[in-house]
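One structure below.
Residue numbers (the numbering used here): 129 to 452.
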């Protein structure tokens, strides 16, 4: 009887895990087998010192990859038990997965798993169609299933107040030359396995835009293609802000994103209000929620875009060396 995962199972699950979102599409994760368990680590060589000095973004991204990993194993009939931060002396190892009792995947797992290759960040304007109440409820339940909360910013005054916090954070970030330089380093104008292709970066920001957009070198928009005047904004939060809370939030983020994709919705991520501490605290106070905001999303219906590239699975695996 097998007591651990195999290299083949690791490869198959990692192929889905690498489809998770990450800041600037840095893909800051590595996977390995150790004593029959699959371990997920943050790759310190792919940290963003100017954009993400605390490593919050890398841990959120790895948490999203962890959710995909869990989902892939469950759909294969080999679900896992997960232990977060398993080794106090190895802080870069964020999770260890060991086999649980084999069982068939649930229909919900299969639906979310099928959404993995279709999930992408849509930085273009959305259509005016409102997000129905049942879809909003599903998104909130997705966050709760991963021990987090999702607060929808509803109403013109609330959205305008959030937009001011977001624009203020954006201005703070844009004043930092290291931040601008780091972002420019991850814009790709030629084919590459990582970074944000300029073609996928969304349209250039314009003065009338309500929400700030990170400049990834996108094209000028066509006349009449302004962003929606009252977008559906959702804030994802966790109980605390420890490294473990951030990994949990990453898993919740990915479950919300896949749930949105399964419902036919488009999502773009707005992390500027999270990256600036003062803005994050202002956002928390405005929501009146206990805990810590971890990500902001703009949700709606839109024209499907193009997926950003991913490194090959071989580039993110640390496999044991087999002696001759």
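The beta carbon of each residue, even a glycine, is placed where N, CA and C say it ideally should be.
Using a Cβ-Cβ cut-off of 8 angstroms, state whether residue 374 counts as contacting chain D.
Absence of chain D from the displayed structure is noted, only one protein chain being present.
Tell me the DSSP secondary structure of residue 317 in three-state form.
Along the chain shown, one-based indexing puts residue 317 at 189. Three-state DSSP puts residue 317 in coil, outside helix and strand.
How would you label residue 135, buried or exposed, when you count the other beta carbons within 10 angstroms and need 16 or more for buried?
By 1-based counting over the chain shown, the position of residue 135 is 7. Per the 10 Å Cβ criterion, exposed.
Three or more beta-carbon pairs under 8 angstroms between the region 417-425 and the region 375-393, yes or no?
By the C-beta criterion, the region 417-425 is judged to be in contact with the region 375-393, since at least 3 inter-stretch pairs fall below 8 angstroms.
State yes or no: is the C-beta of residue 197 within less than 8 angstroms of the C-beta of residue 145?
Within the chain shown, residue 197 is the residue found at index 69, counting from 1. Within the chain shown, residue 145 is the residue found at index 17, counting from 1. Yes, these two residues count as a Cβ contact at 8 angstroms.
Excluding the five sequence neighbours on either side, which residues of its own chain have a C-beta within less than 8 angstroms of the C-beta of residue 368, listed in chain order?
The residue you call residue 368 lines up with position 240 of the chain shown. 419 and 420, listed in sequence order.
Suppose the cutoff is 6 angstroms on Cβ atoms and the five residues either side in sequence are ignored; what does the same chain contact list for residue 406 look like?
On the chain shown, position 278 is the one that residue 406 refers to. None.
Cβ shell of residue 267 (< 7 angstroms), same chain only, five flanking positions each side left out
In the chain shown, residue 267 corresponds to position 139, counting from 1. Taken in chain order, the residues that qualify are 278, 362, 384, 387 and 388.
Exposure label - residue 400; buried when at least 16 CB within 10 Å
Working through the chain shown from its first residue, we reach residue 400 at position 272. With 16 or more Cβ atoms within 10 Å of its Cβ, residue 400 is classed as buried.
Measure the C-alpha to C-alpha separation of residue 228 and residue 154 and round it to an integer number of angstroms.
The residue you call residue 228 lines up with position 100 of the chain shown. The residue you call residue 154 lines up with position 26 of the chain shown. Going by the C-alpha atoms only, they are around 31 angstroms apart.
Can you give the beta carbon distance from residue 199 to residue 240, rounded, assuming they're within the 8 angstroms contact cut?
Within the chain shown, the letter at position 71 stands for residue 199. Within the chain shown, the letter at position 112 stands for residue 240. Yes, they are in contact, since the Cβ atoms of residue 199 and residue 240 sit about 6 angstroms apart, within 8 angstroms.
Out of 132, 131 and 142, point me to the one whose CA is closest to residue 446's CA.
Here residue 446 corresponds to residue number 318 of the chain shown, with the count starting at 1. Selected option, being the one with the closest Cα: 142.
Where do the ends of the alpha helix (DSSP H) carrying residue 229 lie?
Working through the chain shown from its first residue, we reach residue 229 at position 101. Looking at the DSSP string, residue 229 is not in any alpha helix (DSSP H), and its letter there is neither H nor E.
Drop a sphere of 10 angstroms on the beta-carbon of residue 373, count the other beta-carbons inside from all chains shown, and report buried for 16 or more, exposed for fewer.
In the chain shown, counting from the first residue as 1, residue 373 sits at position 245. Buried, because 16 or more other Cβ atoms sit within 10 Å of the Cβ of residue 373.
For a quick check, are the C-beta atoms of residue 125 and residue 275 less than 8 angstroms apart?
The shown model of the chain, from 129 to 452, leaves out residue 125, and the question about it has no answer.
In this structure, does DSSP put residue 129 in helix, strand or coil?
By 1-based counting over the chain shown, the position of residue 129 is 1. Confidence is the limiting factor: at residue 129 the pLDDT is only 35, short of 50, which leaves the residue's position unreliable, though a coordinate-based value still follows. In the structure shown, residue 129 sits in coil (DSSP, three-state: anything other than H, G, I, E or B).
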